[in-house]
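Taking it in order: structure first as structure tokens, then the write-up.
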Ligand code: GUN
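Here you go:
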């Protein structure tokens with residue numbers, strides 16, 4: 007019987023810490039951390055994420071603004087908004103919600119966000135800093151996974167870590183953070199041969215592929231820690247992860263549920279990055 011890693015609870019604890027820090031910061035500096043979230047078009051999942059981000063900001067005492075742009079926004083209009091937010095002193099973090107509508111160039115937008123306001127850590131400057139182990143910001147979802155492990159007393163050092171999925175948002179930075187924590191890391195993807203056998207070697211298995219209930223008990227070593235980054239909608243509308251929780255739970259030593267596992271941690275790490283950016287801005291103001 008596995009320990010259930012409660013992301014909701016751990017997330018609430020960290021948000022309370024951020025709230026206290028934000029209050030002390032505001033008292034000392036005379037301004038609060040500020041986040042701008044940009045969303046283009048009407049992707050329903052993105053709209054939910056953006057609403058949750060704004061609510062989370064309010065709960066910890068941050069300033070926040072949401073820029074909801076129509077689906078036919080041009081690249082130039084989006085670029086101009088990013089430029090304006092880059093120069094706005096109230097805004098310490100800028101997040102452009104992905105995916106963007108197909109006619110817009112994601113790479114161009116991410117390159118345009120000032121690296122010191124890039125709280126997603128998607129700018130190539132920040133990606134490079136993560137790669138060399140000298141990050142200013144940690145990417146939110148992988149950082150959330152690391153915080154879950156840490157607060158559950160699970161140390162990746164020396165362990166076999168298998169990451170399933172190689173996206174720029176989760177898989178690749180996840181592998182890097184586990185490597186920096188001294189894990190022995192393997193990254194699997196759709197072309198991996200005998201995926202089950204590789205997964206079965208894992209002491210820590212992190213799954214981020216976006217396929218409902220893909221990982222069953224036959225892919226998990228007894229006693230492994232299983233982290234499910236998946237967020238899939240079942241035909242009945244229910245949210246489900248990439249791991250078949252009911253099947254894997256008896257085999258694993260610890261497992262994250264969906265919902266209530268990694269999900270709440272992502273926004274928590276975004277808040278943390280925004281606070282970090284505001285602290286940097288305060289340092290720079292003092293010169
Ligand atoms: N879309 C899905 N996850 C993310 C994220 O972490 N940041 C942004 N900007 N867009 C996303």
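Numbering (the numbering used here), first residue to last: 7 to 293.
The beta carbon of each residue, even a glycine, is placed where N, CA and C say it ideally should be.
From a predicted model like this one, the values you see are computed outputs, not experimental measurements.
* Between residue 159 and residue 32, what straight-line distance do the alpha-carbon atoms span, to the nearest angstrom? -> Computed Cα separation, rounded: 32 Å.
* Taking the alpha-carbon positions, what's the residue 69 to residue 284 distance? -> Approximately 11 Å between the Cα atoms of the pair.
* Asked: residue 19: buried (16+ other C-beta within 10 angstroms of its C-beta) or exposed?
  -> Exposed, since its Cβ has fewer than 16 Cβ neighbours within 10 Å.
* Where the beta strand (DSSP E) through residue 234 begins and ends -> Run containing residue 234: 231-234, per the beta strand (DSSP E) assignment.
* **Residue of 113, 276 and 232 minimising C-alpha distance to residue 9** => That would be 232, whose Cα lies nearest to the Cα of residue 9.
* Asked: Mind checking whether residue 150 and residue 274 have CB atoms under 9 Å apart?
  -> Yes, these two residues count as a Cβ contact at 9 Å.
* Assuming residue 99 contacts residue 279 (C-beta within less than 8 Å), just tell me the rounded distance between them. => So it is a contact: roughly 6 Å between Cβ atoms.
* To do: Leaving aside the five residues before and after residue 195 along the sequence, list all residues of the same chain whose C-beta is less than 6 Å from its C-beta, in chain order.
  => Once the five neighbours on either side are set aside, the close Cβ partners of residue 195 are 172.
* Straight-line gap, residue 137 to residue 182 (C-alpha atoms, nearest Å) -> Whole-angstrom Cα-Cα distance: 7 Å.
* What's the call for residue 237, buried or exposed, on a 16-neighbour Cβ count within 10 Å? -> It is buried - the Cβ of residue 237 has at least 16 other Cβ atoms within 10 Å.
* Could you tell me whether the Cβ atoms of residue 258 and residue 213 are closer together than 9 Å? => Taking 9 Å as the Cβ cut-off, residue 258 and residue 213 do not qualify as a contacting pair.
* Asked: How long is the line joining the alpha carbons of residue 209 and residue 167, rounded to whole angstroms?
  -> Rounded to the nearest whole angstrom, the C-alpha separation of residue 209 and residue 167 is 6 Å.
* **C-beta atoms of residue 271 and residue 153 nearer than 9 Å** => For residue 271 and residue 153, yes; Cβs fall inside 9 Å.
* What beta strand (DSSP E) runs, 3 residues minimum, are completely inside the region 144-208? -> Note on the region 144-208: whole beta strand (DSSP E) runs with a minimum of 3 residues are 166-170 and 190-194, in chain order.
* Asked: DSSP beta-bridge partners for residue 86?
  -> Within the DSSP secondary-structure output, residue 86 pairs in no beta bridge.
* **Best match in 291, 40, 265 and 221 for proximity to residue 123 [C-alpha to C-alpha]** => Answer by Cα proximity: 40.
* Indicate the three-state DSSP secondary structure (helix, strand or coil) for residue 17 in the structure shown. => Helix.
* To do: Mind checking which residues open and close the alpha helix (DSSP H) that includes residue 273?
  => Residues 269-292.
* CB contact flag (residue 294, residue 44, <9 Å) -> There is simply no residue 294 to check, as the chain begins at 7 and stops at 293 in what is shown.
* Asked: When every heavy atom of the ligand GUN is checked, does at least one fall within less than 8 Å of the C-beta of residue 143?
  -> No, Cβ of residue 143 sits at least 8 Å from all heavy atoms of the ligand GUN.
* May I ask you to check if the CB of residue 147 is nearer than 8 Å to at least one heavy atom of the ligand GUN? => Indeed, a heavy atom of the ligand GUN lies less than 8 Å from the Cβ.
* Answer with buried or exposed for residue 7, where buried requires no fewer than 16 other C-beta atoms within 10 angstroms of its C-beta. => Residue 7 comes out exposed.
* To do: Could you tell me how far apart the beta carbons of residue 46 and residue 80 are, in whole angstroms, since I believe they sit closer than 8 Å?
  => Under the criterion of beta carbons closer than 8 Å, residue 46 and residue 80 do not qualify as touching, at roughly 10 Å.
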